[in-house]
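Inspection log for the structure reproduced underneath, given as structure tokens.
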Amino acid sequence: MSIPKPAGLGQADVTPRPVYLNRRKFLAAAPAAFAATRALLAPPALAATRLNIAAKSPFSTNEPLTAADVATHYNNFYEFGTSKNEPARNAQNFRTNPWTLSVEGEVAKPRKFSLDEILKLAPLEERIYRHRCVEGWSIVVPWIGYSLSALLNLVQPTAKAKYVAFESYWDLKQMPLARPETAGIAFPYVEGLRLDEAMHPLALLSVGMYGESLPPQDGAPVRLVVPWKYGFKGAKSLVKIRLVGSQPPTTWNLANAHEYGFYSNVNPQVDHPRWSQAKEQRLPSFFKNHATQMFNGYADQVAGLYSGMDLRKNY
Amino acid sequence: MLKSRWTKAVVFLLCLAPFAHLAAVLFACLEQPDMSSPVWRILVPALPPNPLDFFTHLTGDWTLRFLVITLAITPLRKLLGLPDLIRFRRPLGLFAFFYGCLHLLTYLWFDKLFDFHEIWKDVARRRFITIGFAALVLMIPLALTSTKGWIRRLGGKRWQLLHRLIYVTALAGVVHYYWLVKSDIRLPALYAALVAALLLYRLAMSILRRTRQSSAVSKPTPVES
Chain F
383 MSIPKPAGLG QADVTPRPVY LNRRKFLAAA PAAFAATRAL LAPPALAATR
433 LNIAAKSPFS TNEPLTAADV ATHYNNFYEF GTSKNEPARN AQNFRTNPWT
483 LSVEGEVAKP RKFSLDEILK LAPLEERIYR HRCVEGWSIV VPWIGYSLSA
533 LLNLVQPTAK AKYVAFESYW DLKQMPLARP ETAGIAFPYV EGLRLDEAMH
583 PLALLSVGMY GESLPPQDGA PVRLVVPWKY GFKGAKSLVK IRLVGSQPPT
633 TWNLANAHEY GFYSNVNPQV DHPRWSQAKE QRLPSFFKNH ATQMFNGYAD
683 QVAGLYSGMD LRKNY
Chain C
562 MLKSRWTKAV VFLLCLAPFA HLAAVLFACL EQPDMSSPVW RILVPALPPN
612 PLDFFTHLTG DWTLRFLVIT LAITPLRKLL GLPDLIRFRR PLGLFAFFYG
662 CLHLLTYLWF DKLFDFHEIW KDVARRRFIT IGFAALVLMI PLALTSTKGW
712 IRRLGGKRWQ LLHRLIYVTA LAGVVHYYWL VKSDIRLPAL YAALVAALLL
762 YRLAMSILRR TRQSSAVSKP TPVES
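Chains F and C supply the protein sequences, listed in that same order. Sequential numbering of the first sequence, starting at 383, is according to the numbering used here. Sequential numbering of the second sequence, starting at 562, is according to the numbering used here.
Here you go:
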């Protein structure tokens, strides 16, 4: 029986002496290399990155900012739990990289955007907005982003586009609490605006707050902020923006149309069925003693969108 | 052990523990002490971002918990064969009233800043507030007549009848909670199940008693010859 000589291995394949002699060095370096791999595999959401802000926005309020700690630890993000303190705990390992935001529907140029493309689509501005929750509390947040219109103009809405639907990420593997039977609302979370509302310069596509990328519990990596409407209109962790011909069904409106209208403009004169909307609590204040303003103080800019409309009916 | 004065004192202190917690958080919110000390880190791990929300929910939760515990005393006495548990029923009921009052105070003060015009509008118009308010008001006569003197004055039977108002309070409290949550009804459903079980136990017992009594009356004991 003849044993064939292994083919293809010659002198050149012998481990070079210096490498061989350095094998211990390699072994010593292994844990570090392993750790580096781990770092690559680790959820990138953990690391907030500082964002380069090109400009401060003239839309900013000069009211005192809410402490970042308060704004980022009191969240309604039902995908990560229905209590306000749950999202900050449960969203920490949320993977936001890679990320794709698909813009589709009644548009001339439907397109999928990567997070990198979203970050570079327009110069990032810091906009300090009042944020009023339908529940009666408010915060003042320095968001980072640009007008949603910058993105919508790129895809060129057609004449058929009348409304815009915003869809949030939904994945039971990453969001085990996001079940309709326990949370009591449908998933994925969908919100909507009229096209003219969406094109208004105040409507913000936000990628950050307090100088950094959005924390996962606040809707990383990209979310909507509509400062003249109640907070729930600002859908978080957006994966899809659809331009459509008729008013889209929206999550809270489906859950309880009587309490959460499609428009949901901040309006101190129109009460929520279960509480007055005349006053709000500026967190972390104890007292609900801050007067709520019409359109959350943005009436000068947006009241024209609703001229001739009965805001009591279209709440 | 249940008869000991010390047991009663320990139960009393335990019932005050939620109050101590609330007081510690309130103090921390107002005074902003150095929170890095270990005592504070255990008592108040983090300041609540929304104190109104925090105090409203915690006082409401404890009111419902004490109502459920109070209602559980009678069944537990029978089921566990511990008649002496009765000594704790009155203080537990009074603690339910105490935390209910703190709950109302949080609403009147933090939420409404004692604006009685607005408060009246809420009570009259908003059903979850109407029923919550009713639940608390119904506890007032029970708290006032909780002394031995009042038991004597009313007579045992009438006193017992009056104190069945706690059933109405517990049911109203659960409905109040159910009507106030936005969409996640798991916690109100849990309280509803507990209160329902405790009330159904009483219903079953009273039916059982009545059938026994009536059968004892209608059927003459057979005479053995």
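Glycine is no exception: its CB is placed at the ideal position from the N, C-alpha and C atoms.
Classified as buried, H582 (chain F) has 16 or more neighbouring CB atoms from the shown chains inside 10 Å of its CB. Listed by position along chain C, the residues whose Cβ is nearer than 8 Å to that of I567 (chain F) are S744. The shortest C-alpha to C-alpha distance from P446 (chain F) to any of F:A437, F:L506, F:H513, F:P505 is the one to F:H513.
Close to chain F, meaning a Cβ-Cβ distance shorter than 9 Å, are the following residues of the segment 688-719 of chain C: R688, F689, I690.
Apart from the 5 residues on each side of it in sequence, S484 (chain F) sits with its Cβ closer than 6 Å to the Cβ of K494, K622 in its chain, given in chain order.
According to DSSP, residue pairing for P539 (chain F) in a beta bridge involves F:V489.
V608 (chain F) sits in coil when the DSSP states are folded into three classes, being neither helix nor strand. G679 (chain F) carries a helical assignment under DSSP once its states are collapsed to helix, strand and coil.
If you draw a straight line from the Cα of L665 (chain F) to the Cα of A437 (chain F), it comes to about 27 Å.
Shown here, A584 (chain C) sits in a helix according to DSSP, grouped into three states. Under the three-state reduction of DSSP, F441 (chain F) is assigned to coil, being neither helix nor strand. For E679 (chain C), the neighbours in chain F by C-beta distance under 9 Å run, in chain order, S658, A660, K661.
Below 8 Å, too few C-beta pairs join the segment 572-589 of chain C and the segment 553-560 of chain F to call them touching: fewer than three. Cβ contact annotation for T431 (chain F) (same chain, cutoff 6 Å, sequence separation greater than five): S595, in chain order.
For the segment 640-651 of chain F, there are no residues whose beta carbon sits under 7 Å from a beta carbon of chain C.
Nearest neighbour of S689 (chain F) by Cα position, chosen from F:K670, F:G643, F:D578, turns out to be F:D578.
Taking the C-beta atoms as reference points, H672 (chain F) is found no nearer than 8 Å to P610 (chain C). Taken in chain order, the whole alpha helix (DSSP H) runs of length 4 or more contained in the segment 733-779 of chain C are 747-779.
Annotation for M591 (chain F): the continuous beta strand (DSSP E) segment containing it runs 586-591. Taking C-beta atoms as the reference points, F689 (chain C) and W740 (chain C) count as a pair closer than 8 Å. Per DSSP, reduced to three states, the secondary structure at P598 (chain F) is helical. Here T691 (chain C) is not near T617 (chain C), since their CB atoms are 8 Å or more apart. Residues of chain C whose Cβ lies closer than 9 Å to the Cβ of Y456 (chain F) are, in chain order, P609, P610, N611, D614. With distances taken between CA atoms, D614 (chain C) lies nearest to F:E517 out of F:E517, F:T633, F:P630, F:D682. Note that the segment 697-708 of chain C touches the segment 720-739 of chain C; at least 3 beta-carbon pairs, one per stretch, sit closer than 8 Å. Residue environment: Q774 (chain C) is assigned as exposed (fewer than 16 neighbouring CB atoms within 10 Å of its CB, all protein chains considered). DSSP places K618 (chain F) in the coil class of the three-state scheme, outside both helix and strand.
When beta bridges are read from the DSSP output, L625 (chain F) appears opposite F:G487, F:V546. A straight-line Cα-Cα distance of about 16 Å links A633 (chain C) and F658 (chain C). Around the CB of N696 (chain F), fewer than 16 other CB atoms lie within 10 Å, so the residue is classed as exposed. The bridge partners DSSP lists for P480 (chain F) come to none. Assigned with DSSP and collapsed to three states, Y511 (chain F) falls in strand. W657 (chain F) and R687 (chain C) have their C-alpha atoms spaced approximately 7 Å apart. In the DSSP assignment, Y528 (chain F) falls within the beta strand (DSSP E) that extends over 519-529.
Between G601 (chain F) and K615 (chain F), the C-beta spacing is not below 8 Å.
Between L530 (chain F) and L586 (chain F), the C-beta gap is smaller than 8 Å, which places the two residues in contact.
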